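Read through the structure below, which is laid out as structure tokens, and then see the notes.
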Amino acid sequence: MAKANKKGGKRHVIQLFFACITNSFVTGFIGGKIYQGKLKYICHPGLNCYSCPGALLSCPIGSLQAVLGSRSFVFSTYVFGMILLFGALLGRMVCGFLCPFGFVQELLYKIPFKKKIKTFKGDKPLRKVKYIVLVVMVIALPMLLKTSGDSSPTYCKYICPAGTLEAGIPHVAHDKLAKPPTMVNALPEGSLPAVNLIKGGAALSQPKLKTGAMFLWKVSILVAVLLLSIIIYRPFCKYLCPLGAIYGIMNPVALYRLNFNKDKCISCGICAKRCNMGVDPTKNANSAECVRCRDCVNACPKGALSTSFSLDSLVCKSAERKGI
Numbered sequence: 000m001a002k003a004n005k006k007g008g009k010r011h012v013i014q015l016f017f018a019c020i021t022n023s024f025v026t027g028f029i030g031g032k033i034y035q036g037k038l039k040y041i042c043h044p045g046l047n048c049y050s051c052p053g054a055l056l057s058c059p060i061g062s063l064q065a066v067l068g069s070r071s072f073v074f075s076t077y078v079f080g081m082i083l084l085f086g087a088l089l090g091r092m093v094c095g096f097l098c099p100f101g102f103v104q105e106l107l108y109k110i111p112f113k114k115k116i117k118t119f120k121g122d123k124p125l126r127k128v129k130y131i132v133l134v135v136m137v138i139a140l141p142m143l144l145k146t147s148g149d150s151s152p153t154y155c156k157y158i159c160p161a162g163t164l165e166a167g168i169p170h171v172a173h174d175k176l177a178k179p180p181t182m183v184n185a186l187p188e189g190s191l192p193a194v195n196l197i198k199g200g201a202a203l204s205q206p207k208l209k210t211g212a213m214f215l216w217k218v219s220i221l222v223a224v225l226l227l228s229i230i231i232y233r234p235f236c237k238y239l240c241p242l243g244a245i246y247g248i249m250n251p252v253a254l255y256r257l258n259f260n261k262d263k264c265i266s267c268g269i270c271a272k273r274c275n276m277g278v279d280p281t282k283n284a285n286s287a288e289c290v291r292c293r294d295c296v297n298a299c300p301k302g303a304l305s306t307s308f309s310l311d312s313l314v315c316k317s318a319e320r321k322g323i
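Put into structure tokens, the structure is as follows:
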């Protein structure tokens with residue numbers, strides 16, 4: 000167990016390093032402005048708000064909403080292609096290693112609490128909600144509620160707790176502390192800067208900021224997610240994250256895979272008990288819920304589980320379906 004915990008600690012180092020590197024625009028935190036350079040044309044693989052003062056990359060979900068109703072076919076294809084590339088190569092390994100908001104939830108889960116909730120009645124149905132959020136809030140409503148010919152960032156505007164934590168609150172804090180104030184109130188309106196990327200403008204605008212009922216609503220969602228993270232492992236990732244839904248769909252066919260060797264397995268059940276996402280690797284190694292954290296791999300006493308970049312399992316699976 001000590002060995003497994005040590006290896007799990009290495010993953011947290013990777014998570015912290017990637018979060019720091021992709022949010023290293025220190026001037027943004029000091030001056031209360033967002034980075035507007037060319038790196039913003041690249042999507043972060045995880046959920047990381049465009050308007051975070053330190054963010055060097057764009058949010059894939061914010062960008063996706065912006066381009067869905069865009070008249071710029073080239074940029075729409077570019078954003079879709081980038082998200083699909085991450086999904087095809089890594090699947091939900093992005094969630095387990097590269098997503099800053101997932102890392103925050105994991106840290107909170109480490110806080111000692113008398114009763115941690117691993118599963119409960121209604122857990123499985125609730126996991127389908129993230130797909131509803133993806134279809135309704137990220138795809139359908141943004142296309143229906145267009146503004147000036149571009150899609151409305153509905154999900155970012157009304158739900159995204161990552162945006163509230165990474166952008167809304169820092170901008171509020173800076174606005175309150177700055178003398179004189181440099182910003183008006185403080186909640187970035189979704190991913191409006193991402194819309195400016197579509198238009199090809201070199202001078203990207205700072206986010207429009209608003210406080211009031213909407214800000215309180217989003218802070219309430221954030222607080223609920225953070226508190227739940229103490230007793231439930233990655234609740235946002237399990238039930239609400241639309242990006243996790245996309246990567247989950249691609250998990251079974253992603254090149255980065257969890258491999259299960261039946262011959263080595265002794266059916267001890269340790270891997271299933273160790274999995275905080277509620278996956279039994281012996282039954283479904285490439286489940287849509289698996290974030291490739293490798294906790295099960297590190298816990299297996301017989302080495303029956305492993306991860307690798309491989310096409311072999313996909314070829315075998317295709318052959319099985321064809322009866323070869």
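The numbers in numbering that gives the first Met the number 0 rise by one with no breaks, and the one at position 230 of the sequence shown is 229. Heads up, the beta-carbon is just placed ideally off N, CA and C, and yes, glycines get one too. Note that this is a predicted model, so its numbers are computed, not measured.
Exposure label - residue i; buried when at least 16 CB within 10 Å
i	result
G167	buried
D294	buried
V222	exposed
T76	exposed
K237	buried
A139	exposed
N260	exposed
F308	exposed
K129	buried
F17	buried
P124	exposed
F235	buried
F96	buried
C112	Residue 112 is actually Phe in this sequence, not Cys. Result: exposed.
L83	exposed
G200	Note that G200 has pLDDT 38, beneath the 50 cutoff, so the model's placement of it is unreliable and the number below is only indicative. Exposed is the call here.
Euclidean distance between Cα positions of residue i and residue j
i	j	result
G211	T118	36 Å
S23	G61	20 Å
A193	I29	For A193, the predicted structure reports a pLDDT of 45, less than 50, and the residue's modelled location is therefore unreliable. A value from the coordinates is still provided. Rounded to whole angstroms, A193 to I29 spans 22 Å at the Cα level.
S190	I131	Unreliable placement is indicated for S190, whose pLDDT of 42 sits below 50; no coordinate value is reported for it.
A244	C94	11 Å
L254	M92	10 Å
L304	K32	46 Å
P160	K263	42 Å
E188	V218	Below a pLDDT of 50, predicted positions are generally treated as unreliable, and E188, at 47, falls in that range; the measurement from the model is reported next regardless. For E188 and V218, the distance between alpha carbons rounds to 14 Å.
Q14	L107	14 Å
D174	Y34	17 Å
E165	I158	13 Å
T306	L144	42 Å
K301	I265	8 Å
K272	V171	42 Å
I230	P280	23 Å
Y40	S150	18 Å
I116	C267	22 Å
A65	P169	23 Å
K282	C270	11 Å
C42	P141	19 Å
L176	G27	14 Å
Y49	L38	11 Å
G36	C51	14 Å
K114	F74	47 Å
L63	A298	37 Å
M249	F79	14 Å
Proximity winner among the options, relative to residue i (alpha-carbon distances)
i	options	result
C240	K272, G162 and N285	G162
F100	C155, L225 and G247	L225
G90	F16, C295, L304 and A284	A284
M81	L56, E105, F96 and V103	L56
A87	K272, I265, R256 and K175	R256
I20	K32, G8, N47 and K9	N47
C155	P234, D174, L133 and L176	L133
L310	N258, E288 and K301	N258
C98	I248, R10 and G268	R10
P44	F85, L67 and V78	F85
L67	F112, P111, V137 and I110	V137
V135	G36, P124, N250 and P152	P152
F102	M213, V290 and K120	V290
Run of the beta strand (DSSP E) containing residue i, from where it starts to where it stops
i	result
S307	L304 to F308
N255	Checking the displayed sequence, the identity of residue 255 turns out to be Tyr instead of Asn. Note, Y255: beta strand (DSSP E), Y255 to F259.
Residue range of the alpha helix (DSSP H) that includes residue i
i	result
H170	I168 to L176
K329	Any question about residue 329 goes unanswered here, given that the chain covers just 0 to 323.
A223	A212 to I230
I269	I269 to R273
A65	P59 to L67
P99	P99 to Y108
M249	P241 to M249
F119	No alpha helix (DSSP H) holds F119; DSSP gives it neither H nor E.
T281	Run containing T281: none; DSSP gives neither H nor E here.
Whole-number beta carbon distance between residue j and residue i, since they are thought to touch under 8 Å
i	j	result
N275	Y246	Actually they are not in contact, since the Cβ atoms of N275 and Y246 sit about 17 Å apart, beyond 8 Å.
G53	V12	19 Å between Cβ atoms; not a contact.
Q104	S228	4 Å
P59	L242	6 Å
D122	G8	Going by Cβ atoms, the distance from D122 to G8 rounds to 27 Å, so no, they are not a contact pair.
Contact with chain D by residue i, beta-carbon distance below 9 Å
i	result
K129	Chain labels in this structure do not include chain D; a single protein chain is all it has.
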